[in-house]
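Engineer: Residue numbers (our numbering): 38 to 636.
Just so you know, even glycine gets a beta-carbon here, dropped at the ideal spot from N, CA and C.
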DNA sequence: ACCTTAGGCGCG
DNA sequence: AAAGCGCGCCTAAGGT
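1) When you compare the region 580-592 with the region 537-544, are there three or more beta-carbon pairs, one atom per stretch, that lie closer than 8 Å?
2) DSSP state of residue 588, grouped into three classes?
3) With H, G and I counted as helix, E and B as strand and the rest as coil, what does DSSP make of residue 13?
4) Which class does residue 147 belong to by DSSP, given the choice of helix, strand or coil?
5) When burial is assigned at 16 or more other CB atoms within 10 Å of the CB, is residue 279 buried or exposed?
6) For residue 72, write down the residues that DSSP places opposite it in a beta bridge.
7) Around the C-beta of residue 302, are 16 or more other C-beta atoms found within 10 angstroms, so that it is buried, or is it exposed?
8) If you compare alpha carbons, which of 549, 590 and 138 is closest to residue 463?
9) If the criterion is Cβ atoms closer than 8 Å, does the pair residue 129 and residue 146 meet it?
10) Buried or exposed: which applies to residue 391, given that a residue is buried once 16 or more other Cβ atoms fall within 10 Å of its Cβ?
11) Please state the DSSP three-state secondary structure of residue 618.
12) Could you give the DSSP three-state label for residue 455: helix, strand or coil?
13) Exposed or buried, what is residue 90 when buried is set at 16 or more other beta-carbons lying within 10 Å of its beta-carbon?
14) Can you give me the C-alpha to C-alpha distance between residue 566 and residue 606, rounded to a whole angstrom?
15) Considering only residues of the region 96-143, which uninterrupted alpha helix (DSSP H) runs meet the minimum length of 4 residues and lie entirely inside it, listed in chain order?
16) Am I right that residue 399 and residue 260 are in contact with their C-beta atoms under 8 Å? What's the rounded C-beta distance?
17) With 16 as the cutoff for other CB atoms within 10 Å, does residue 222 come out buried or exposed?
18) Counting pairs of beta carbons, one from the region 404-421 and one from the region 583-599, are three or more of them closer than 8 Å?
19) Within 10 angstroms of its Cβ, does residue 415 collect 16 or more other Cβ (buried), or is it exposed?
20) Write down every uninterrupted run of the alpha helix (DSSP H) in the region 382-443 whose length is 4 residues or greater and which is fully enclosed by it, in chain order.
21) Please go through the same chain and pick out, in chain order, the residues whose beta-carbon is closer than 6 Å to the beta-carbon of residue 632, but skip the five residues on each side of it.
22) Which residues does DSSP pair with residue 581 in a beta bridge?
23) Are the CB atoms of residue 619 and residue 439 within a distance shorter than 8 Å?
24) Verify whether the separation of the beta carbon atoms of residue 485 and residue 454 is less than 8 Å.
25) According to the neighbour-count rule (16 or more other Cβ atoms, all chains shown, within 10 Å of its Cβ), is residue 300 buried or exposed?
26) Using a Cβ-Cβ cutoff of less than 7 Å, which residues in the same chain neighbour residue 471 once the five nearest sequence positions on both sides are dropped?
27) Which two residues bound the contiguous alpha helix (DSSP H) that contains residue 342?
28) Taking 6 Å as the limit between beta carbons, can you name the residues of its chain near residue 458, skipping five residues before and five after?
29) Confirm, please, whether the CB-CB distance from residue 483 to residue 442 is below 8 Å.
30) Given that a residue counts as buried once 16 or more other Cβ atoms are within 10 Å of its Cβ, and exposed if not, what is residue 87?
31) DSSP state of residue 200, grouped into three classes?
32) Please state the DSSP three-state secondary structure of residue 554.
33) My output table needs one value for residue 374: the three-state DSSP class, helix, strand or coil.
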């Protein structure tokens with residue numbers, strides 16, 4: 038029986054069966070890659086790559102080896118095949134794209150920069166002194182995204198390591214320094230309050246860095262023809278230069294006529310607002326949802342214009358020119374780009390591919406897309422975190438919200454159940470979900486209590502932590518200053534700031550733990566895909582990942598095995614995070630020719 | 001001529 | 001049907 042009437046750790050969540058899943062392999066040998074250390078090697082050359090072997094505790098196994106840049110890729114391939122090490126480097130994104138371009142893939146790594154960021158802020162390592170010692174130039178935060186030059190659609194990867202100004206060039210850290218940092222990190226994990234969870238998180242994060250580079254290398258198979266056909270259908274023929282497409286211009290003309298504003302530029306919110314007011318349409322903003330409430334002949338063409346204009350500017354011909362090359366869409370994924378552990382992206386809007394154009398993402402002939410997403414991931418993660426037995430019972434089926442409604446919540450209305458639960462996770466205060474919160478709290482005190490506690494901790498300036506140990510940033514100095522004030526006016530501002538931070542931390546524990554789960558899912562799936570035998574056409578490849586959704590491009594013969602791997606990996610991720618608990622994390626899997634056919 | 005911010009909207 | 005979380009990217013608008 039997994040449910041006991043009161044208190045304590047009611048579910049057995051310890052004893053993650055790490056041996057069943059090889060995400061974390063402690064027996065793996067580490068090989069540190071960095072610059073040859075001039076002091077030790079006496080070469081004085083920064084061109085050489087130094088390679089240090091260590092055992093699983095970070096103790097050097099034998100002497101260093103210095104590799105020539107020109108022969109590096111070949112040497113790494115041989116070592117990878119013979120020794121299956123865990124490669125250690127400062128930043129995966131500095132090494133791996135070039136290795137992939139040279140045809141070298143590695144099984145696993147330890148990304149010192151990403152792991153450093155986690156360990157520095159994690160509450161689990163607060164007592165280890167790691168944070169105080171980690172302030173070293175090589176482990177500094179990556180520069181802000183705006184400071185980085187935008188990448189072209191397909192980075193020129195012809196020449197391996199021949200760019201002296203490249204990231205693995207002159208600023209490469211000495212391997213001996215990196216080894217020292219690795220040992221500090223391993224020690225921090227050992228001394229932490231949850232070594233098992235943290236080592237899992239570091240392994241998953243590092244695997245994510247490998248996967249991000251591999252996905253950018255592979256790209257999403259993308260049909261320019263299909264995309265252009267969609268654009269022509271919605272917008273008309275491709276315009277010359279920077280003109281509006283035909284159908285967009287026609288809508289603009291209609292709008293000008295209906296509003297009696299012959300010079301109106303509908304792209305200008307200010308002009309649009311004035312024209313709407315002159316026509317007697319009293320809106321406070323020009324947002325679509327507000328316009329939808331209004332009955333006026335201008336509304337329909339305006340909404341249509343906005344929709345098409347969005348398609349044209351965000352994912353039109355210019356987007357195709359910039360981001361699709363050689364039949365592949367190659368966005369850049371930024372692992373560690375979101376504090377919650379989600380990935381960010383840069384270029385091409387990879388996290389916002391609109392439904393309108395998803396038909397252009399299509400499998401090669403003889404191949405399929407396997408599109409899988411975790412059903413209602415965040416609510417299920419909350420159930421597991423909070424160990425809410427009542428809600429777990431509602432989560433037995435495939436549809437958690439229907440299960441909650443079936444337990445009588447909201448008068449059995451599924452939409453109300455969904456709204457209330459998501460509202461609790463996001464911190465809604467008004468509207469229907471706000472009104473339903475008391476009932477939700479009465480019915481599921483543990484689940485609601487869990488996010489309420491996180492909100493309370495954040496509002497008082499505290500830090501909260503995900504299941505595997507990723508902690509949110511502390512409040513800024515300005516936030517803390519604002520909290521003790523005397524004037525009533527400033528106190529209201531301070532309270533608003535406190536509530537805002539509360540909503541952030543409330544959501545952080547759920548979104549971040551869901552990201553923990555997804556990272557393990559993805560890493561385990563990659564491991565299983567790599568273990569599959571190659572088909573004559575090639576082997577399955579991960580081509581896309583979006584928070585709780587993955588896409589695999591695979592030869593048809595491999596499809597059943599891929600589907601099985603997707604599902605097994607989801608089950609494995611659950612056990613890795615929570616052990617054997619009575620909560621399922623079902624994935625819905627679609628085998629399709631194009632992305633739009635999936636849900 | 002550039003850079004930043006705001007409004008708006010796409011995705012989860 | 002929309003407020004409450006996390007993002008990126010577009011244009012217009014308001015700076016310097």
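Structural biologist: Taking the structure as given:
1) Not touching, per the Cβ criterion.
2) If you number the first chain from 1, residue 588 lands on position 551. It is a strand residue.
3) Outside the shown range of the chain (38 to 636) lies residue 13, about which nothing can therefore be said.
4) By one-based count along the first chain, residue 147 stands at place 110. For residue 147, the three-state secondary structure derived from DSSP is strand.
5) Position 242 of the first chain, counted from the start, is the residue given in the question as residue 279. Per the 10 Å Cβ criterion, exposed.
6) Translated into the one-based positions of the first chain, residue 72 becomes position 35. Within the DSSP bridge table, the entry for residue 72 names 86 and 211 as partners.
7) To locate residue 302, count along the first chain from 1; it is residue 265. Taking every protein chain shown into account, the CB of residue 302 has fewer than 16 other CB atoms within 10 angstroms, so this residue is exposed.
8) Counting from 1 along the first chain, the entry for residue 463 is found at position 426. Nearest of 549, 590 and 138 to residue 463, Cα basis: 549.
9) Along the first chain, read from residue 1 onward, the residue named residue 129 stands at position 92. Along the first chain, read from residue 1 onward, the residue named residue 146 stands at position 109. A Cβ-Cβ contact shorter than 8 Å links residue 129 with residue 146.
10) The residue you call residue 391 lines up with position 354 of the first chain. Flag for residue 391 reads exposed.
11) Indexing the first chain from 1 puts residue 618 at position 581. Three-state result, residue 618: coil.
12) If you number the first chain from 1, residue 455 lands on position 418. Three-state DSSP puts residue 455 in a helix.
13) Numbered from 1 along the first chain, position 53 holds the residue referred to as residue 90. Per the 10 Å Cβ criterion, buried.
14) For this step, residue 566 is matched to residue 529 along the first chain. For this step, residue 606 is matched to residue 569 along the first chain. Going from the Cα of residue 566 to the Cα of residue 606 covers about 10 Å.
15) Listed in chain order, the complete alpha helix (DSSP H) runs (minimum 4 residues) inside the region 96-143 are 109-120 and 129-138.
16) Taking the first residue of the first chain as position 1, residue 399 is located at position 362. Taking the first residue of the first chain as position 1, residue 260 is located at position 223. Right, the Cβ-Cβ distance comes to about 5 Å (below 8 Å), so this counts as a contact.
17) For the purposes of this step, residue 222 is taken as residue 185 along the first chain, with counting starting at 1. The C-beta of residue 222 has 16 or more other C-beta atoms within 10 Å across all chains shown, which makes the residue buried.
18) Remark: three or more beta-carbon pairs, one from each stretch, lie closer than 8 Å, so the region 404-421 and the region 583-599 are flagged as touching.
19) Taking the first chain and counting its residues from 1, one reaches residue 415 at position 378. The residue in question, residue 415, is buried, as its Cβ has 16 or more Cβ neighbours within 10 Å.
20) Listed in chain order, they are 414-423, 426-431 and 437-443.
21) To locate residue 632, count along the first chain from 1; it is residue 595. Contacts found: 395 and 398.
22) Within the first chain, residue 581 is the residue found at index 544, counting from 1. For residue 581, the pairing in a beta bridge is given by DSSP as 588.
23) Locating residue 439 in the first chain gives position 402, counting from the first residue. Locating residue 619 in the first chain gives position 582, counting from the first residue. The Cβ atoms of residue 439 and residue 619 lie no closer than 8 Å to each other.
24) Your numbering for residue 485 matches position 448 in the first chain. Your numbering for residue 454 matches position 417 in the first chain. No.
25) Residue mapping note: residue 300 aligns to position 263 of the first chain, counting from 1. Here residue 300 is exposed. Its C-beta has fewer than 16 other C-beta atoms within 10 Å.
26) Translated into the one-based positions of the first chain, residue 471 becomes position 434. 460 and 465, listed in sequence order.
27) As a first step, residue 342 must be located in the first chain, where it is residue number 305. Segment 336-352, the alpha helix (DSSP H) holding residue 342.
28) Along the first chain, read from residue 1 onward, the residue named residue 458 stands at position 421. Setting aside the 5 residues that flank it on each side, residue 458 is surrounded in the same chain by 416, each with a C-beta closer than 6 Å to its C-beta; the list follows chain order.
29) The residue labelled residue 442 in the question sits at position 405 within the first chain. The residue labelled residue 483 in the question sits at position 446 within the first chain. It is not a contact, given that the beta carbons lie outside the stated cut-off.
30) Here residue 87 corresponds to residue number 50 of the first chain, with the count starting at 1. Taking every protein chain shown into account, the CB of residue 87 has 16 or more other CB atoms within 10 angstroms, so this residue is buried.
31) Mapped onto the first chain, residue 200 falls at position 163. Any reading at residue 200 must be qualified, since the residue scores a pLDDT of 33, below 50, and its modelled position is unreliable; the value itself is stated next. Coil, per DSSP.
32) What you label residue 554 is simply residue 517 of the first chain in a count that begins at 1. Note: residue 554 maps to helix in three-state DSSP.
33) Taking the first chain and counting its residues from 1, one reaches residue 374 at position 337. Coil, per DSSP.
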